[in-house]
Structures are given as structure tokens and as C-alpha cells.
Amino acid sequence: NTDDPGNLRTILAGLESTTTAVFPVHPRTRSVLDREAISLPPNVRPVAPLGYVDTVALVAEAAAVVTDSGGLQKEAYLLETPCITLREDTEWVETVDLGWNRLVGARTADIRAAIADPPRGATHPAVYGDGHSAARMLEAIERTFSP
125 NTDDPGNLRT ILAGLESTTT AVFPVHPRTR SVLDREAISL PPNVRPVAPL GYVDTVALVA
185 EAAAVVTDSG GLQKEAYLLE TPCITLREDT EWVETVDLGW NRLVGARTAD IRAAIADPPR
245 GATHPAVYGD GHSAARMLEA IERTFSP
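In my numbering, the protein residues as written are 125 to 271.
Below is the structure:
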């Protein structure tokens with residue numbers, strides 16, 4: 125999406141609303157914005173790229189995430205934050221099947237509709253584990269190697 129100025133324009137038009145959107149701008153995206161003279165909607169607040177910890181904090185507090193990143197879709201699910209994916213498919217199909225992620229491509233109307241009514245699944249099963257795998261591994265190692 126970032127390499128296609130047409131898609132970028134369409135996506136930004138879809139983000140235009142009364143809701144503030146924080147937009148961590150990758151240098152490659154900044155280059156396209158500048159080269160193509162693409163302006164951001166007034167509600168879109170550009171910020172420098174974020175590290176992992178800051179990204180997770182932002183996602184945890186967000187009403188929804190709009191992304192084309194595969195990894196961010198999964199992080200959003202883990203944090204129970206609705207996700208709107210700017211792609212036609214995803215490697216995380218379970219997030220779509222469970223109702224936490226909506227695939228909208230780069231279509232302005234679909235982006236706006238998803239922002240107005242973000243996906244929120246009825247259930248949130250631990251499809252990626254329960255966060256206790258390290259403890260279970262330690263127990264297995266201790267059982268195996270303890271005298």
C-alpha cells in the first residue's frame with residue numbers, strides 16, 4: 125500500500141473522520157507522501173516510527189487499529205483491540221473468523237464503514253496460547269532432569 129500512491133490516497137481518504145488517528149510514518153511512506161504531494165487528513169496525526177513497546181502501548185489504548193501489517197493484526201487480537209486490515213487476505217485468518225479483524229483492502233468506503241463500526245468478536249479464545257508456556261516448559265525440564 126505504501127508503494128502505491130493511489131492506494132495511499134484512497135486509504136488516507138478512508139481515515140478522514142472526526143476521530144484522531146495516530147499514524148506512525150515509515151521513512152519509505154514519508155518519501156511517497158512528499159514525492160507525490162499527498163496531504164494527510166486533519167484528524168490524522170503523523171508520528172515517527174515507533175518501537176515495539178510504544179506500538180503495543182498505543183494498540184492497547186486504541187479504539188481500533190487500521191493496518192496492513194501482519195504482525196500488528198496479531199498484536200491487536202492479543203490485546204483485544206479491534207483490527208481493520210488494509211489487505212484482501214491475511215495470514216491470521218482466525219482473527220477474521222473470530223470477528224476481531226475485518227479485511228477492507230484499500231477501499232475508502234469500506235475503511236470508513238469499518239472505522240464507524242469496528243469489528244469486535246463475541247468471544248476471545250486464547251488461540252495463540254495462554255501466556256504460560258514458559259512455566260510449562262520449565263516444569264517439563266525440571267521433571268525430565270531432576271534427580
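For every residue, glycine included, the Cβ atom is placed at its ideal position computed from N, Cα and C.
This structure is a prediction, so every number in the text was calculated from the model and none was measured.
Next on the checklist: Quick check: the region 247-266 against the region 208-222, are at least 3 beta-carbon pairs closer than 8 Å?
Outcome noted: yes
Next on the checklist: So for P170, helix, strand or coil by DSSP?
Outcome noted: strand
Item to check | Beta-carbon separation (whole angstroms), R226 vs I208, contact threshold 8 Å | outcome: 5 Å
Next on the checklist: Taking 9 Å as the threshold (C-beta atoms), are I235 and I135 in contact?
Outcome noted: yes
Checklist entry - Opposite F147 in the DSSP bridges: which residues? => result P170
Next on the checklist: So the candidates are G253, E266, V190 and A200; which of them puts its Cα closest to the Cα of P148?
Outcome noted: V190
Item to check | Paired residues, beta bridge with N225 - DSSP | outcome: C207
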